[in-house]
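Each residue of the sequence shown is one higher than the last, beginning at 8 in this note's numbering. Structure first, then comments.
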Amino acid sequence: MRAYWVLATVIFLNFTAGGAMMPFFSLYATSLGASLSQIALIVGVQAAVSVVSGLIWGRVADKVGRRKPFIVFALATMAIASFTIVQVPSWPLLIPIHAALGIASGAQQVSSLALMGDIVHGHPRRGRLVSGYRMSGSLAFSVSIVMSGWLSEQIGLQGSFLYASGVYALSFLISLFISEPPPITQTGTRVGFAGLARGPMRPLLILGLSFGIPFSAVFSVWPIWIADVLGHGRATFSQLWGIAAFVEVPCMLIAGMLVDRTGRRPIFMAGLIGFAFVYLIYVLAPPLEGLVVAQVLRGVAFAAYTATALTMAIELAPPEERGSASGLFTSAQGLAQISGSWIGGPLAAAFGFQGLFGLASVMVLGGAAYSFFAFGRVRPVNASAPGSGGT
């Protein structure tokens, strides 16, 4: 399991870097003069490029039978791009940098997920292994975002991006030591993207959109709502975000164990219903204590959704098409991020932040209802493997 631990270290560092800069994209663009709609454009460009990039990298990784080269390339690109962000004098120059981040993030996400699927293939406890892998990212993100909030208060937002660049560089060096398992023998004719999307992966892709669109819409403007509209400041908003990430850490592993024991449907529904309540709490614009409660619930709900989604993403396709399946899954997430990022700002401007939060709650409740009917009919490709569990 050496490969598992090396890859877990890489994701730990990646989430450390992400926690340092991702929450500050909108605030940094605002400091360069960008409006809410322009912020949506900047972040949406990255997501749009990532969608196409993930599909391409996933297919290529399947054809060459390799994952590591794409991970190494992606991390080098992310280190350079996050360093370059702080060099630009105006917000339009952020657009090509975010496009480069989209190319790199597509390669990194798809290749890492496919490689993790290769590593845990057939393992009776793959649900908890996958959730443990993702748990390391939650731990890193929670620590990093709290520290980066303090850093941004001390030396400005640029310090957070420079810190992220250094961490990505370290992750790049460690990724050179990743070892890939032997290729798994092909089990049949490749069905391609269309066959995968029409088959057992369809419910997962639909739920990726129904969860991701409101999530991205809300949290593309959430830092502005917390820091500026409610007046809590940058440090407080980063600490609130960190609370959710800290809660995710133990809950992610617990959710993975429950996925192995009870199946996918109840855990998916719990995650989506939990987010509906999170958004409803935001609608009330509570005092700081209420926001803390919302963030605790967000951590539990996010763990339930993510542990289930990642486990199914690596189960529902044959091994020789795991890269393509990972590309479809991450592209669905990317489409959700595009849509959410582009509509989050305009919806908040048109209906207010509370109106946006109310719409988000309705949408995830619809996803929960769909998951109840859909997942009873879906079984993973390797369902016969020991401990695969039901759905």
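Backbone N, C-alpha and C fix where the C-beta goes; we use that ideal spot for every residue, glycine too.
For residue j and residue i, believed in contact at Cβ under 8 Å, the rounded distance
{"i": "VAL117", "j": "GLY61", "result": "5 Å"}
{"i": "ALA184", "j": "GLY374", "result": "The residue you asked about is not Ala; residue 184 is Phe in the sequence shown. That pair is no contact at about 39 Å."}
{"i": "SER57", "j": "GLY144", "result": "No, SER57 and GLY144 are not in contact; Cβ-Cβ is about 17 Å, not under 8 Å."}
{"i": "ILE220", "j": "SER378", "result": "ILE220 to SER378, Cβ: 15 Å. No contact."}
{"i": "GLN115", "j": "ALA81", "result": "4 Å"}
{"i": "ARG73", "j": "GLU187", "result": "7 Å"}
{"i": "ALA242", "j": "TRP157", "result": "6 Å"}
Residue i to residue j span [Cα, whole Å]
{"i": "ILE102", "j": "HIS130", "result": "42 Å"}
{"i": "TRP12", "j": "SER167", "result": "27 Å"}
{"i": "SER338", "j": "VAL59", "result": "7 Å"}
{"i": "THR16", "j": "PHE358", "result": "42 Å"}
{"i": "ALA301", "j": "GLY365", "result": "14 Å"}
{"i": "GLN361", "j": "ILE213", "result": "25 Å"}
{"i": "SER97", "j": "SER38", "result": "9 Å"}
{"i": "SER155", "j": "VAL236", "result": "21 Å"}
{"i": "THR313", "j": "PHE222", "result": "13 Å"}
{"i": "GLY341", "j": "CYS258", "result": "24 Å"}
{"i": "ALA176", "j": "GLY215", "result": "30 Å"}
{"i": "GLY396", "j": "GLN94", "result": "At GLY396 the pLDDT is 38, less than 50, meaning the model places this residue with poor confidence; the figure from the coordinates comes in the next sentence. Rounded to whole angstroms, GLY396 to GLN94 spans 50 Å at the Cα level."}
{"i": "ILE110", "j": "GLY238", "result": "35 Å"}
{"i": "GLN344", "j": "LEU108", "result": "14 Å"}
{"i": "ALA381", "j": "PRO210", "result": "6 Å"}
{"i": "PHE32", "j": "GLN165", "result": "11 Å"}
{"i": "LEU100", "j": "THR318", "result": "38 Å"}
{"i": "GLY240", "j": "VAL174", "result": "26 Å"}
{"i": "VAL153", "j": "VAL71", "result": "40 Å"}
{"i": "ILE104", "j": "THR84", "result": "10 Å"}
{"i": "PRO30", "j": "VAL228", "result": "10 Å"}
{"i": "PHE336", "j": "THR315", "result": "13 Å"}
{"i": "GLY202", "j": "ALA121", "result": "18 Å"}
{"i": "LYS75", "j": "MET276", "result": "34 Å"}
{"i": "THR23", "j": "VAL369", "result": "32 Å"}
{"i": "PHE77", "j": "LEU180", "result": "14 Å"}
{"i": "VAL127", "j": "PRO189", "result": "12 Å"}
{"i": "GLY163", "j": "GLY25", "result": "17 Å"}
{"i": "ALA234", "j": "GLU255", "result": "23 Å"}
{"i": "MET8", "j": "GLY351", "result": "42 Å"}
{"i": "GLN161", "j": "PHE244", "result": "15 Å"}
{"i": "VAL303", "j": "PRO294", "result": "15 Å"}
{"i": "GLY394", "j": "LEU363", "result": "Bear in mind that a pLDDT of 36 at GLY394, under 50, signals an unreliable position, so the number given afterwards is only what the model happens to contain. Computed Cα separation, rounded: 41 Å."}
{"i": "VAL385", "j": "GLN45", "result": "In this prediction, VAL385 scores a pLDDT of 49, lower than 50, which makes its location untrustworthy; the coordinate-derived value is nonetheless stated afterwards. Each residue's Cα considered, the two are about 40 Å apart."}
Beta carbon of residue i nearer than 8 Å to that of residue j
{"i": "ILE274", "j": "ALA311", "result": "yes"}
{"i": "ARG329", "j": "ASP125", "result": "yes"}
{"i": "GLU296", "j": "ASP69", "result": "no"}
{"i": "ALA55", "j": "ALA224", "result": "no"}
{"i": "PRO353", "j": "LEU34", "result": "no"}
{"i": "GLY306", "j": "PHE253", "result": "yes"}
{"i": "ALA355", "j": "LEU43", "result": "yes"}
{"i": "SER64", "j": "GLY334", "result": "Note that residue 64 corresponds to Trp in the displayed sequence, not to Ser. Cβ distance < 8 Å, so TRP64 and GLY334 count as in contact."}
{"i": "MET142", "j": "LEU260", "result": "yes"}
{"i": "ILE49", "j": "ALA36", "result": "yes"}
{"i": "ALA86", "j": "SER172", "result": "yes"}
{"i": "LEU20", "j": "SER178", "result": "yes"}
{"i": "VAL79", "j": "SER182", "result": "yes"}
{"i": "TRP232", "j": "ALA47", "result": "no"}
{"i": "ALA27", "j": "TYR170", "result": "yes"}
{"i": "PHE200", "j": "SER331", "result": "yes"}
{"i": "SER138", "j": "ALA10", "result": "no"}
{"i": "TYR140", "j": "LEU14", "result": "yes"}
beta-carbon residue i near the ligand COA non-hydrogen atom, thresh 7 Å
{"i": "VAL254", "result": "This structure lacks the ligand COA, and indeed carries no ligand of any kind."}
Below-8 Å beta-carbon distance, residue i vs any chain C residue
{"i": "ILE46", "result": "Given the protein chain composition of this structure (a single chain), no chain C is represented."}
Legend entry - Cβ contact (3+ pairs, closer than 8 Å) linking the region 201-219 and the region 317-330: As far as the Cβ criterion goes, the region 201-219 touches the region 317-330, which means the pair count is three or higher.
Legend entry - the region 251-269 touching the region 134-142, judged by at least three CB pairs closer than 8 Å: Output reads yes: the region 134-142 touches the region 251-269.
Inset, instruction - Inspect the CB distances between the region 239-254 and the region 135-154 and report whether three or more fall short of 8 Å. - result: Judged by Cβ distances under 8 Å, the region 239-254 makes contact with the region 135-154, as three or more pairs qualify.
Legend entry - Inter-stretch contact at 8 Å, needing at least 3 Cβ pairs: the region 340-359 / the region 275-286: no
Legend entry - Cβ contact check for the region 288-295 and the region 86-94: 3 or more pairs under 8 Å: no
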